[in-house]
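All remarks here apply to the structure that follows.
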Amino acid sequence: MILKNFQINAVNKLISRTSELLDQRGEKRIIFKSPTGSGKTIMIAEYFNKIVKDQISKNPISFIWTTPRRTLTEQSKEKLDLFLKKQKNIKCSFFYELIENNIPENEILFLNWESINKINKNTIVVENERDFYLGKILENTKEKGREIIL
């Protein structure tokens, strides 16, 4: 994947800001905006790759990717899977594909917003006897010492 200069600059700025924020406590937020057709997905794929490859955090990292609609979630996972498979250092998964009750290191969990924002209607957030629900998975991921980047 060959990035253009403006894409490389954007990725480097994201990496720099992420590195700063990982060292801070409290709410941490970066907003990444870029015009339609500018290659946001390619830039984010490179961002994920650099975070993992350059080990910018003292702790291992897990990722969560959310979109407003299920079709966008599937499309995003498919595109990122395509870009990141070549690197072989980051795995992309849907919730039902998680093997353990946590988000593994260097794994991106793909969720659509509708699956997590309606507490009583979505099984992904409802506590269950297997302890396989989003809250417990996040708790277990943090207990393993991983940073979570949403």
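Numbering-wise (the working numbering), the sequence shown opens with residue 1275 and increments by one. A virtual CB, placed ideally from N, CA and C, is assigned to each residue, including glycine.
Reference residue i; option with closest CA among the options
i	options	result
K1278	G1311, K1365 and I1305	G1311
T1415	K1307, L1288 and F1337	F1337
G1313	K1327, M1275 and E1413	M1275
P1378	K1360, T1397, R1344 and E1413	E1413
Residue i and residue j closer than 7 Å at C-beta
i	j	result
K1362	T1315	no
I1282	R1291	no
S1331	L1296	yes
L1372	T1340	no
I1411	N1380	no
For residue i, the three-state DSSP class (helix, strand or coil)
i	result
N1417	According to the sequence shown, residue 1417 is Glu rather than Asn. DSSP places E1417 in helix when its eight states are reduced to three.
T1340	strand
L1296	helix
S1367	strand
F1406	coil
E1320	helix
F1357	helix
I1423	strand
CB-CB length for residue i against residue j, believed under 8 Å
i	j	result
I1289	I1325	7 Å
I1423	I1364	About 12 Å separates the two Cβ atoms, so there is no contact after all.
T1419	N1333	Strictly speaking, residue 1419 in this sequence is Gly, with Thr absent from that position. That pair is a contact at about 5 Å.
V1459	I1390	Here the chain has residues from 1275 to 1424 only, and residue 1459 is not among them.
Min CB distance residue i to chain B below 7 Å
i	result
T1415	Absent from the structure is chain B; it holds one protein chain and no more.
heavy atom of the ligand NAP below 6 Å from residue i C-beta
i	result
E1401	What this structure holds is no ligand at all, so the ligand NAP is not there to describe.
Notebook entry, point to check: Between the segment 1366-1373 and the segment 1348-1356, are three or more C-beta pairs nearer than 8 Å?
Noted result: yes
Notebook entry, point to check: Quick check: the segment 1400-1407 against the segment 1320-1330, are there 3 or more CB pairs under 8 Å?
Noted result: no
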